[in-house]
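Working notes for the structure below.
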Amino acid sequence: MKLGVSYFGSRHVEHVREDMEAVAEAGCNFVVHTFSEEDMTYYPETMAEIVRVSKESELEVFLDPWGVGRVFGGEAFSEFVSRNSHCRQTITISGNRINMEKACLNSQVFRDFMRVWLELAANTEANGIFWDEPHLYYGDLVPLFGKPQVVWACTCQTCQRLFLEEYRHEMPADFNDEVKRFRQDTILRFIGSLCKVASEKGLKNALCIFPTLDPRYGIYEWEEAVKLEGLDIFGTDPYWLCFNRKMEDFVRDVSRAIVALCAEHGREPQIWIQGFRIPEGREEEVGHAIKIAYEEGVRNIAVWSYQGSACMSYLRSEKPEMVWQKVSAAYKELRVKCRECEP
Ligand SMILES: [Zn+2]
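Each residue of the sequence shown is one higher than the last, beginning at -6 in the numbering used here.
Structure (structure tokens):
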């Protein structure tokens, strides 16, 4: 049984050590540390120390390319994007190409940059990488007058060229089936190449995709993602408050689908539980969601994030300490249950 939590907000190793002891005490046996562009630039050795103290608390450690290139989930800025405007994702509005604040997944410069990230991540001696929500830009443009329009990335020159090579005609302006497929393939090829390198370095690969089959989010055929070479753990994050869904149905349905898919393809299913922006009075749902994932057969459960995301006002729950209590209580209960049923 793997139970974990993500962690960010402190680079004081002694504070992190105390927090990792608290993480283990709460019933966790793994932690996901964010490893942003700022970390890779200014904290590479500090991160190695943070990995070490986490392991001293008996935690398995995963690193997350948090907001790197602004193409993964995460509240972190990207210096890569600001320095490399020619490597950005592009949208097209009325024939005009506009650069977005995200790196293009087909850009060789960005791919090389991710190899450097991976090298630094491997140097920390973490156990694995957590590839979180890799995506391409999508948006609905609703002008004051005129027709609403969908805008999607990536329509940069590199992507246009690759599309032409593959489909033998120009990339269409509409968000049609070919475009949907090309975007999905772009994300999968990008993550697939990283997984391959990571596993050659002895790192485990965990991939988390959005909890929807809506092509706007990129990956709409989960079976194409679960099959990626070098992938060990496959999952999603049914954050019911973000998607405005009923917790029980959303967590249950998505968990069931992930468990079935992973069983078919020999991967370990993982479900992320929302532990941020929990309104006061709804803390109970967090513990309940953990138990639902367990009931559906998930044995690798994680919560975003430590202490109800107390350290970041943008994500903080209204009563973060209460959220964390619910997480800890549910985790401890599952530990006991697991010892009894699955020795
Ligand atoms: Zn592109």
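Note that beta-carbon positions come from the ideal geometry of N, C-alpha and C, so glycine has one too.
A quick note: this is a predicted structure, and the numbers were derived from the prediction, not measured.
Next on the checklist: Can you tell me where the alpha helix (DSSP H) holding Y340 begins and where it ends?
Outcome noted: No statement about residue 340 is possible, as the shown extent of the chain runs from -6 to 336 and does not include it.
Item to check | Distance cut-off 7 Å: T151 Cβ against heavy atoms of ligand 1 | outcome: At least one heavy atom of ligand 1 is nearer than 7 Å to the Cβ of T151, so yes.
Checklist entry - Roughly how many angstroms separate the alpha carbons of V24 and R154, rounded to a whole number? => result 40 Å
Next on the checklist: Below 7 Å, is the gap between the Cβ of Q177 and the nearest heavy atom of ligand 2?
Outcome noted: You won't find ligand 2 in this model; what it holds is ligand 1.
Item to check | Length at least 3, wholly inside the segment 197 to 226: the beta strand (DSSP E) runs in chain order | outcome: 197 to 202
Next on the checklist: Taking 8 Å as the threshold (C-beta atoms), are A19 and S321 in contact?
Outcome noted: yes
Item to check | T337: CB within 7 Å of a non-hydrogen atom of ligand 1 | outcome: Since the first residue of the chain shown is -6 and the last is 336, residue 337 is not available in this structure.
Checklist entry - In angstroms, rounded to a whole number, what distance separates the CA positions of T39 and Q101? => result 29 Å
Item to check | Expected contact under 8 Å - CB spacing of G316 and E261 to nearest Å | outcome: What sits at residue 316 in the sequence shown is Val, not Gly. Going by Cβ atoms, the distance from V316 to E261 rounds to 26 Å, so no, they are not a contact pair.
Next on the checklist: By the DSSP assignment, the beta strand (DSSP E) with T83 in it spans what residues?
Outcome noted: Where T83 is concerned, the enclosing beta strand (DSSP E) stretches over 81 to 86.
Checklist entry - When DSSP labels each residue in this structure, what does S75 get in the three-state scheme? => result DSSP places S75 in helix when its eight states are reduced to three.
Next on the checklist: Taking the beta strand (DSSP E) that Y131 belongs to, which residues open and close that run?
Outcome noted: 131 to 134
Next on the checklist: I want to know whether the segment 83 to 92 touches the segment -3 to 15 - three or more CB-CB distances under 8 Å.
Outcome noted: Contact between the segment 83 to 92 and the segment -3 to 15 is not established, with fewer than three Cβ pairs separated by less than 8 Å.
Next on the checklist: Suppose you measure from the CA of A15 to the CA of D246; what does that come to, to the nearest Å?
Outcome noted: 31 Å
Item to check | Proximity test, C97 beta-carbon vs ligand 1 heavy atom, cut-off 7 Å | outcome: yes
Next on the checklist: Mapping the DSSP letters down to three states, classify N116 as helix, strand or coil.
Outcome noted: helix
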